[in-house]
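Below you'll find the structure, written out as structure tokens, and then a few comments.
Residue numbers (this note's numbering): -12 to 140.
Set out below in structure tokens:
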């Protein structure tokens, strides 16, 4: 996704967002936390976090970026999708122009706002408007919070 020389995968966007949110530490991306043996429930694969590199991001820089991403869902381009949303999140919308077709829509966001645990990146080709990607991200956040209810009640 992206335009011109900007071509990023959804996983790269999640990695970037995670790196910013945790103050500049970039971890190896994994798609799997662990694997348990079906019969014994014993953990047979356990992906522990692996630091790839670190960059020094000042706490006030992270705060400004988070605040801006909060405003996107409160007063900005994702406001209509997340209006009255019961959980505080942050995010960024975007579109990438497609020659001869509808724009590609993008949303990348994180939750919960105060102590991020999850980053979601959604790309919808030929969607024309970013709210379509924001709606998909909202469904992912809903699922996440509904399946961790005891933590967020």
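Beta carbons: idealized from backbone N, C-alpha and C, even for Gly.
The structure displayed is predicted, hence computed values, not measured ones.
Looking at the DSSP output, residue 107 sits in a beta bridge with 96. In this structure residue 87 is exposed. Its beta-carbon is surrounded by fewer than 16 other beta-carbon atoms within 10 angstroms. Rounded to the nearest angstrom, the gap between the Cα atoms of residue 19 and residue 34 is 7 Å. Annotation for residue 110: -12, -3, 91, 92, 93, 120 place their beta carbon closer than 8 Å to its own, counting only its chain and skipping 5 residues before and after. Between residue 49 and residue 13, the C-beta gap is not smaller than 9 Å, which leaves the two residues out of contact. Of the candidates 78, 66, 117, the residue whose Cα lies closest to the Cα of residue 96 is 78.
Counted as a single uninterrupted DSSP element, the alpha helix (DSSP H) harbouring residue 131 occupies residues 117 to 133. Within the model, the alpha-carbon separation for residue 100 versus residue 76 is close to 5 Å.
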